[in-house]
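J.: Take this structure first; my questions come after.
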Amino acid sequence: MAGSNWRRALERLVGVVVQEGARSLRRSDRTRRRPDDHSPARPEWATPGAERPARAPLPPAGPPRRVHLATDYTGPLELDYAPRADGRPDPGEVVWTWVPFDEGDGRGKDRPVLVVGRDGDALLGLMLTSKDHDRDAADEARHGRHWVDVGSGAWDRQGRPSEARIDRVLRIDPSDVRREGAALGRAQFDQVAVEVRRLRG
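Just so you know, the sequence shown maps onto residues 1 to 201 in full-length UniProt numbering.
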């Protein structure tokens, strides 16, 4: 008999706890739905039948927007060596600028470029790379690409030796030069000049 009374008392206690829990949940739900709260309003397009606004278009793929882009130069080339510590790019200096890929499809990358001359106000330069082409020089030449070692310099933070591509001359607007890397030594520049003249005939 005592066990039965204890069981009934436990059942009543459980029932009270469940009822109180349900009441607490209802009160909490009503509090969240008060009209004077500061929860964000639903956007107009979220209502049934409303038209969702179009997304803003993605920016077009390709190089960064620039007023001028480096282009291939095929005119006469007068090589010059005149580096000056004046904060402006001069022949004989290595600068950084955006260089388009050979494919001409709008893609490219920032590269160090050796300035070798001028065409009016524009700079003429040869792109540099830290990739070693000595092992595949014959294959590169078959594709019309020719490289000359120029050694290492402050333009490469890792101090890696660089090569200049001498078959492709770039015409660059000075305003597109991001920064100066360093001046190339006169001996290295003269070696590049000899190979450029030999290749261009």
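Glycine included, each C-beta is placed from N, C-alpha and C at the ideal position.
Pull the bridge partners of residue 118 from the DSSP assignment, please.
T.: DSSP, once it has assigned bridges, lists 123 as partnering residue 118.
J.: Do you know how far the Cα of residue 162 is from the Cα of residue 183?
T.: Residue 183 and residue 162: Cα-Cα distance of roughly 13 Å.
J.: What does the alpha-carbon distance come out to for the pair residue 134 and residue 148?
T.: Cα-Cα distance, rounded: 9 Å.
J.: Along the beta strand (DSSP E) that carries residue 72, what are the first and last residues, could you check?
T.: Segment 71-73, the beta strand (DSSP E) holding residue 72.
J.: How about residue 199 and residue 164: are their beta carbons less than 8 Å apart?
T.: No, the Cβ-Cβ distance between residue 199 and residue 164 is not below 8 Å.
J.: Tell me whether the segment 68-84 and the segment 117-126 touch, counting them as touching only if at least three CB pairs, one residue from each stretch, are closer than 8 Å.
T.: At 8 Å Cβ cutoff, the stretches touch.
J.: For the beta strand (DSSP E) containing residue 170, list its first residue and its last residue.
T.: Note, residue 170: beta strand (DSSP E), 169-172.
J.: Give the straight-line distance between the Cα atoms of residue 167 and residue 189, rounded to the nearest whole angstrom.
T.: Going by the C-alpha atoms only, they are around 15 Å apart.
J.: Let me check understanding here. Comparing Cα to Cα, which of 100, 126, 99 and 97 lies closest to residue 195?
T.: Among 100, 126, 99 and 97, the Cα nearest to that of residue 195 is on 126.
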